[in-house]
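Residue numbers (this note's numbering), protein chains in the order written: chain Z, 404 to 730; chain G, 172 to 495. For reference, the structure is listed below as structure tokens.
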Amino acid sequence: MELDEMTATKKKLVELYTNTLRIRLFEERVWDLFSQNLIPGTVHLYLGQEAVAAGVAGALEKKDWVQSTHRGHGHVIAKGADMKAAMAELMGKRTGSNKGKGGSMHITQFSAGVLGATGVVASGLPIAVGAALSAKMRRSGEIVVCFFGDGASNNGTFGECLNMSSIWKLPVIWVIENNLYAMGTPIKTVCPTTDIARRADGYCIPNVVVNGNDAVEVYEAAAEAASRAREGNGPTVIECKTYRLKGHSRFDPGKYRPEDEVKAWLERDAVATTLQAVIERKGITKLQADAVRVDVQKEVDEAAKYALESPYPDLGETFTSVYTEVR
Amino acid sequence: MPEITYREALRQALREEMIRDERVFLIGEDLGRNWGGAFQVTKGLAEEFGDERVIDAPISENSFVGACVGAAITGMKPVGEIMFGDLISLAVDQICNQAAKMHYMFGGQTSVPMVLRTPFGEFRNMAAQHSQSLEAWFMHTPGLKIAVPAFASDAKGLLKAAIRDPDPVLFFEHKMLYDKKEEVPTSEYLVEFGQARVRREGDDVTVWATHYMAHKALEAADELAKEGISVEVIDPRTLAPLDKGTLIRSVKKTGRVVLATEETKTGATTAEVGSIIMEEAFDWLDAPVKRVNAPDTPVPFSPPLEQHYIPTKAAIAAAAREIV
Numbered sequence: 404m405e406l407d408e409m410t411a412t413k414k415k416l417v418e419l420y421t422n423t424l425r426i427r428l429f430e431e432r433v434w435d436l437f438s439q440n441l442i443p444g445t446v447h448l449y450l451g452q453e454a455v456a457a458g459v460a461g462a463l464e465k466k467d468w469v470q471s472t473h474r475g476h477g478h479v480i481a482k483g484a485d486m487k488a489a490m491a492e493l494m495g496k497r498t499g500s501n502k503g504k505g506g507s508m509h510i511t512q513f514s515a516g517v518l519g520a521t522g523v524v525a526s527g528l529p530i531a532v533g534a535a536l537s538a539k540m541r542r543s544g545e546i547v548v549c550f551f552g553d554g555a556s557n558n559g560t561f562g563e564c565l566n567m568s569s570i571w572k573l574p575v576i577w578v579i580e581n582n583l584y585a586m587g588t589p590i591k592t593v594c595p596t597t598d599i600a601r602r603a604d605g606y607c608i609p610n611v612v613v614n615g616n617d618a619v620e621v622y623e624a625a626a627e628a629a630s631r632a633r634e635g636n637g638p639t640v641i642e643c644k645t646y647r648l649k650g651h652s653r654f655d656p657g658k659y660r661p662e663d664e665v666k667a668w669l670e671r672d673a674v675a676t677t678l679q680a681v682i683e684r685k686g687i688t689k690l691q692a693d694a695v696r697v698d699v700q701k702e703v704d705e706a707a708k709y710a711l712e713s714p715y716p717d718l719g720e721t722f723t724s725v726y727t728e729v730r
Numbered sequence: 172m173p174e175i176t177y178r179e180a181l182r183q184a185l186r187e188e189m190i191r192d193e194r195v196f197l198i199g200e201d202l203g204r205n206w207g208g209a210f211q212v213t214k215g216l217a218e219e220f221g222d223e224r225v226i227d228a229p230i231s232e233n234s235f236v237g238a239c240v241g242a243a244i245t246g247m248k249p250v251g252e253i254m255f256g257d258l259i260s261l262a263v264d265q266i267c268n269q270a271a272k273m274h275y276m277f278g279g280q281t282s283v284p285m286v287l288r289t290p291f292g293e294f295r296n297m298a299a300q301h302s303q304s305l306e307a308w309f310m311h312t313p314g315l316k317i318a319v320p321a322f323a324s325d326a327k328g329l330l331k332a333a334i335r336d337p338d339p340v341l342f343f344e345h346k347m348l349y350d351k352k353e354e355v356p357t358s359e360y361l362v363e364f365g366q367a368r369v370r371r372e373g374d375d376v377t378v379w380a381t382h383y384m385a386h387k388a389l390e391a392a393d394e395l396a397k398e399g400i401s402v403e404v405i406d407p408r409t410l411a412p413l414d415k416g417t418l419i420r421s422v423k424k425t426g427r428v429v430l431a432t433e434e435t436k437t438g439a440t441t442a443e444v445g446s447i448i449m450e451e452a453f454d455w456l457d458a459p460v461k462r463v464n465a466p467d468t469p470v471p472f473s474p475p476l477e478q479h480y481i482p483t484k485a486a487i488a489a490a491a492r493e494i495v
């Protein structure tokens, strides 16, 4: 391997681990603040699935787009959004990325290339089709990633949108985050195949199943899909097998999940797995990884402090931005 | 000024805006070369602008409407078409939960400059799933703009304005109007949203009516004039934003008002407009607000039943006579 290439690879490996950890520490702080009632509403934590967003985002450029879900904090952080504005948004503060008008389920940062998070399961797929169609029509070279869960693959938009992306050869990557549960329903009870990616065969879309708890493995699949999309060869479906560390949302302890299943997945923890993968490829040493953790913790602490100290929006904000103000 | 049909006016608007702005594209079922749209509005446009800008969509309403949303927020100006207004039910999530809310719930980070065209109303015994008028569903959703052109000149000017609008616009046409002709200016013009048009001035009673009912209102006004009743006819042209001012001024002048649309009565736009009149012009009323709507039933198929169901000009005239 050439020296430049080695440096680039090393840099990418560090980035993959760092982003996985950034999401983990961000979400741990979110859970902490949430438990103190400092974050209102509900939250669908990305804890456990961090390597999916980190791995996919590693294959993207700044100009590319990401369509997020109700479990979206990780997508936003991985795509390079400002962590302070993200944390402030979760608290409903004026300084939030959405000015406090969206919250956890609608967190987005357009400037970072996030098309938006949506609280309606499977409603992001059509939007991703449109963004990819737009990228193709504008000949912008942008590609679009659409994240969604195993549960969303049972919605009509899944079939409709995979079909459209295939017939129009759109530059889109469909990323299924299969955490085995559609809220509390085991996916195996509502889906006839273990590998949801196989459903893409019917739409003539190349598909692959990867360990979603290993950011390096996710990255490699996403990089191949990104090349395919950028070269005009159409969509890819990537199914990432992963697992929630917590329940579905605010009040869900997730007791419907068998203990041995939870235990087995905890042993495959995303941060530990990704760190191991990066160390094996000599991307980072344990000592360097410790230093990364210190930096990331500092970033998260500062974001939380910023968000806590930020003011709530003026009440007049209730009435603004229903329609676009034309100047 | 040349007389053209409502259909031709719409086609001219699409064509002019596609020439003016290369970001404008059309997407919907059977819009392209083989059909030109179920009601022939887009006929010839695929030939002129190519299949890339006049896209035949698969029968996936929620997803191609959502694709309009995604394209709109990334720099394009999509104009979607739903073949029959009734089928808009398949795309309500993308319209009401996504397009209508994005500007607000994302804190102004993006706007959604898309248009969705679809025809409402009766059309030669098409029965319960191809004849409805559902505008009230969407008037209840903040974030949407709604056009309801009744005449060719407004159809053209409103559609051009809709395409240039930064927000999602639902553009509701009426099937019985496609062949109606009107003089339309040859030079470029836009019709601003939120501006009603007084189609006929009068002193005794105001008739506020949309779509085909606006035509029936004008015919009823002719008849009533022979009886010595002077009718003012207002066509709101858009429901969101709604021009309250023109209506309220008229009601304050005449003291009597009939509200007429082809919708089923309960929860119709006429109910909302009636409430606005009660809130803003109660003291000027000399008689109760009258509403002319379809009955609260699905649209029946059998010709005599459908005729019995659709509100008529006679119903408008009768309502006016009752309060004058």
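We treat Cβ as the ideally placed atom computed from N, Cα and C, and that holds for glycine.
Any C-beta of chain G under 8 Å from that of residue i
i: C607/Z; result: no
i: V703/Z; result: no
i: G458/Z; result: no
i: V578/Z; result: no
i: V661/Z; result: It should be pointed out that residue 661/Z corresponds to Pro in this sequence rather than to Val. So, not an interface residue.
i: H476/Z; result: no
i: I530/Z; result: yes
i: M494/Z; result: no
i: Y726/Z; result: yes
i: R541/Z; result: yes
i: L718/Z; result: no
Buried or exposed by the 16-neighbour rule on C-beta atoms within 10 Å, applied to residue i
i: Q439/Z; result: exposed
i: M449/G; result: exposed
i: H311/G; result: exposed
i: E191/G; result: A small fix is needed here, since residue 191/G is Arg in this sequence, not Glu. Under this definition R191/G is an exposed residue.
i: F551/Z; result: buried
i: R542/Z; result: exposed
i: R425/Z; result: buried
i: C564/Z; result: buried
i: P284/G; result: buried
i: T688/Z; result: exposed
In DSSP terms, what residue i is bridged to
i: G505/Z; result: Beta-bridge pairing links G505/Z to no other residue.
i: L690/Z; result: DSSP, once it has assigned bridges, lists no residue as partnering L690/Z.
i: Q269/G; result: Note: Q269/G sits in no beta bridge, so no partner.
i: C643/Z; result: E580/Z and V613/Z
i: P249/G; result: F196/G
i: H345/G; result: F291/G
i: T432/G; result: According to DSSP, T432/G bridges with nothing at all.
i: E174/G; result: E354/G
i: D414/G; result: Note: D414/G sits in no beta bridge, so no partner.
i: F550/Z; result: V578/Z
Close-in-space but distant-in-sequence residues of the same chain around residue i (CB under 7 Å, 5 per side omitted)
i: A490/G; result: V429, K461 and V463
C-beta neighbour in chain Z for residue i, strict 8 Å
i: V240/G; result: yes
i: F196/G; result: yes
i: N233/G; result: yes
i: G237/G; result: yes
i: G221/G; result: no
i: M247/G; result: yes
i: S282/G; result: yes
i: P313/G; result: yes
i: L244/G; result: Note on identity: in this sequence residue 244/G is Ile, with Leu being the wrong assignment. Yes, its Cβ sits closer than 8 Å to a Cβ of chain Z.
Close Cβ partners of residue i (< 6 Å) along its chain, the five nearest in sequence each way excluded
i: V612/Z; result: D598, A600 and E642
i: G251/G; result: I198, G199, V236, C239 and L287
i: E293/G; result: S302 and I481
i: P396/Z; result: As displayed, chain Z neither begins before 404 nor continues past 730, which places residue 396/Z out of reach and without an answer.
i: K649/Z; result: L448 and L450
i: R631/Z; result: T639
Neighbourhood of residue i by C-beta distance below 8 Å, restricted to the same chain and skipping five residues each side
i: W455/G; result: V422, K423 and G426
i: K316/G; result: A333, D336, D338, P339, V340, L341, F364, T409, A411 and P412
i: K487/Z; result: T498, E705, A706, Y709 and A710
If you measure beta-carbon to beta-carbon, which residues of the stretch 252 to 279 of chain G are closer than 7 Å to chain Z?
D264, Q265, N268, Q269, M273, H274, Y275, M276, F277, G278 and G279
Could you run through the stretch 466 to 491 of chain Z and flag, in chain order, every residue whose CB is less than 9 Å away from some CB of chain G?
W468 and Q470
Check distances from the C-beta atoms of the stretch 356 to 381 of chain G to those of chain Z and list, in chain order, the residues that come in under 7 Å.
Of all residues in the stretch 356 to 381 of chain G, none has a C-beta nearer than 7 Å to a C-beta of chain Z.
Give the residues from the stretch 406 to 435 of chain G that approach chain Z closer than 7 Å (Cβ to any Cβ), ordered along the chain.
none
Can you pull out the residues from the stretch 548 to 574 of chain Z whose beta carbon lies closer than 9 Å to at least one beta carbon of chain G?
G559, T560, G562, E563, C564, N566, M567, I570 and W571
Select from the stretch 326 to 350 of chain G all residues with a C-beta closer than 8 Å to any C-beta belonging to chain Z, and list them in chain order.
P337 and D338
Near-chain G residues of the stretch 494 to 509 of chain Z - C-beta to any C-beta below 8 Å:
G499, S500, N501, K502, G503, K504, G505 and H509
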